[in-house]
Each structure stands twice: as C-alpha cells, then as structure tokens.
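Remarks on the structure that follows.
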Amino acid sequence: MGEWVQIAGPDGVFRAYMAKPAGAPKAAVVAIQEIFGVNAVMRGKADWLASQGFLAIAPDLFWRLEKDVDITDQSEAEWAKAMDLMKRFDLDTGIKDLQATIDHARGLVDGGKVGAVGYCLGGLLAYLTATRTDADASVGYYGVNIPNFLKEAENIRQPLMLHIAGKDGFVPPPAQKQMKDGLAGNSHVTLHDYPERDHAFTREGGKNYDAADAKAADDRTIAFFKANLV
C-alpha cells in the first residue's frame, strides 16, 4: 500500500514510509517509530491510518545513527541494538525531523491539518510534538520518560491524547502518577488508562499485545483525529 519518499530536513535528507488512502486525504498523520525503526509494525500502523482516510508518513528518525533500521522485538540481539539506538538518539534533532515531516505532509494535503501519533519512544516524541511543533493534534501510546519533560506542558496549545498502560514495565506507577498530576490541569490533554496492560500492548506480534485494548485505544485515536483534523 505504501511507498518510500524523501524528506528534506534542516540537517539533510531522510526517507519516510508513506501510505495513501483510497480517496483524496483531508488530513495527514505522522506516525512516529518505536525503537525498532520504521519496521513492518510501523509500516503497518501507517497502512492502518491510510485505511482510515489519512495520508500517513512514518519518518526514519534514526537516520543520523544508522539509515533504514528495520528490526523486531523477537531476539535479544535486536533488543540490544534497539536499546543502544535509543540511548544514542538525540530528541532535539528528532523533533526537528518531525517538524520537517509535518511541513512536508501539509504540502500533500493542500494545507490541511496534520497530526502525529507515536509509540514507546515515539510516544514521548508525540508528547514533545505537542509541546514543540505546530502539529494540529497528537497521540502518544505508552510514552517513556514523559515526566522528565512536564515543564513543557504549558506549551501545549493543541489537543493531545495519551494512552497509558497501567502495568507498563518502562513507566512504573510513580512515573504514571507524575504524568497524570502534571497534566491534570491542561484542558488540551486527554488521558486514557488501560490498568491491566503492559508496555506495547498494541504491538501486534509482541508478547504484551492485547487485541481488545488495542482496538479500544485505536478506536479512540481515530475518533480523536477525525474530531480534530478533519
């Protein structure tokens, strides 16, 4: 369904996977990768967004470290590589690339609205997209380390939705409480809890995948984007 395109960012050209809907898109969504690169899972997320009527673009945010990373969560070696990439990844330059991707997407939907959705590392980046870019709406799934950036919450001017896994091994209960307390007073923010779920509960093929809650979260995401982007 999709194709690879080139995006000109402030520090160079990088590629992104783009999926188009059957008809003319009224809005676009930037799909922000996990720590495994723009792999089959992320390409599937973009295809899913396209099936819902959105132009979807998933940029390769690891390109400065290694281009075209495409690994899974199925082996220890891949996990080790993914964690190393995450540790070396620079959030600030990643946000620059996301803004460039948002700008690129706007040109493909005739100036229409552009949202963002991210998972894991991408969940944090989706939050930062809400605080640092001109995205029109953002969604983060089980974002890691958001409490470290709560001071930026005052910069949120557009709708943000966060999906929180109650038993997230990477975001323990104290961090979840910090996040909820820090965002509680912001009228732009909507939080959804999945008390029995662990990290990456929407990653098909992953050990924590739960079909029912994945569908619940995804249905909320699509309704959110249709309300705020279309």
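The letter at position 20 of the sequence shown is residue 1305 when you use this note's numbering, and the numbering goes up by one with no holes. Note that the Cβ used here is the ideal one computed from N, Cα and C, for glycine as well. A quick note: this is a predicted structure, and the numbers were derived from the prediction, not measured.
Which of helix, strand or coil does DSSP assign to residue i?
| i | result |
| --- | --- |
| Ala1501 | helix |
| Phe1509 | helix |
| Val1323 | coil |
| Leu1520 | A query on residue 1520 cannot be resolved here, the shown segment of the chain reaching from 1286 to 1515 and no further. |
| Ala1343 | strand |
| Lys1492 | coil |
Compare the beta carbon distance of residue i and residue j with 9 angstroms and say whether it is the shorter of the two.
| i | j | result |
| --- | --- | --- |
| Gly1397 | Leu1514 | yes |
| Ala1401 | Ile1317 | yes |
| Leu1410 | Gly1403 | yes |
Please report the residue range of the beta strand (DSSP E) in which residue i lies.
| i | result |
| --- | --- |
| Val1298 | Gly1297 to Ala1304 |
| Ala1316 | Ala1313 to Ile1317 |
| Val1290 | Gly1287 to Gly1294 |
Contact criterion: CB-CB distance below 9 angstroms. Does residue i meet it with respect to chain B?
| i | result |
| --- | --- |
| Asp1377 | Of the protein chains in the structure, only one exists, and it is not chain B. |
Any chance you could list the beta strand (DSSP E) runs of at least 3 consecutive residues sitting entirely within the segment 1416–1489, in chain order? The qualifying runs are 1422–1426, 1445–1450 and 1474–1479.
Entirely within the segment 1345–1425 and at least 4 residues each: give me those alpha helix (DSSP H) ranges in chain order. Residue ranges of uninterrupted alpha helix (DSSP H) with 4 or more members, entirely inside the segment 1345–1425 and ordered along the chain, are 1361–1373, 1376–1393 and 1406–1417.
Under 8 angstroms, with one C-beta from each stretch per pair, do the segment 1341–1354 and the segment 1436–1447 reach the 3-pair mark? Taking a cut-off of 8 angstroms for Cβ pairs, the segment 1341–1354 and the segment 1436–1447 do not touch, as fewer than three such pairs fall below it.
Kindly confirm or deny that the segment 1355–1369 and the segment 1332–1342 touch, where touching means at least three C-beta pairs closer than 8 angstroms. Per the Cβ contact rule, the segment 1355–1369 is not in contact with the segment 1332–1342 (fewer than 3 Cβ pairs under 8 angstroms).
Does the pairing of the segment 1475–1484 with the segment 1292–1306 give three or more beta-carbon distances under 8 angstroms? Pairwise C-beta distances place the segment 1475–1484 out of contact with the segment 1292–1306, as fewer than three of them are shorter than 8 angstroms.
Are the segment 1374–1392 and the segment 1343–1352 touching, with three or more C-beta to C-beta distances below 8 angstroms? Here the segment 1374–1392 lies against the segment 1343–1352, with 3 or more beta-carbon pairs under 8 angstroms apart.
On the three-pair Cβ rule with 8 angstroms, is the segment 1415–1433 touching the segment 1449–1465? Yes, the segment 1415–1433 touches the segment 1449–1465.
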